[in-house]
Amino acid sequence: MLIDRAEGDYFIGRSEYDSPEVDNEVLIRKDESTYCRIGDFVEVEIIKADHYDLYAKLK
């Protein structure tokens with residue numbers, strides 16, 4: 004996934020098939036062991052889904 008921005012407690016990004024501001028977002032919770040830079044491509048594992056967004060952790 005591509006990291007688009009950091010907001011609150013999450014890094015927010017999208018998969019290679021999703022458009023910004025149109026499709027769902029993938030959220031990664033920030034913690035001491037999680038660091039992403041805006042524009043990074045990272046591998047994630049989806050751990051939860053709701054109606055609009057996916058929640059993931061870094062692999």
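If you use the numbering used here, the sequence shown corresponds to residues 4 to 62, in order.
Don't be surprised by glycine CBs; every beta carbon is placed ideally from N, CA and C.
Are the CB atoms of Ser-18 and Met-4 nearer to each other than 8 Å? yes
Where the beta strand (DSSP E) containing Glu-10 begins and where it ends: For Glu-10, the enclosing beta strand (DSSP E) stretches over residues 5-10.
How many Å lie between Val-25 and Glu-35 at the Cα? 30 Å
Pick from Glu-28, Tyr-13, Tyr-38: whose alpha carbon is nearest that of Ile-20? With the sequence shown as reference, residue 20 is identified as Tyr, and Ile is not the correct amino acid for it. Per the Cα distances, Glu-28.
Quick one: measure Cβ to Cβ for Ile-6 and Ile-41, integer angstroms, because I've assumed they're closer than 8 Å. Rounded, the Cβ-Cβ distance is 6 Å, consistent with contact.
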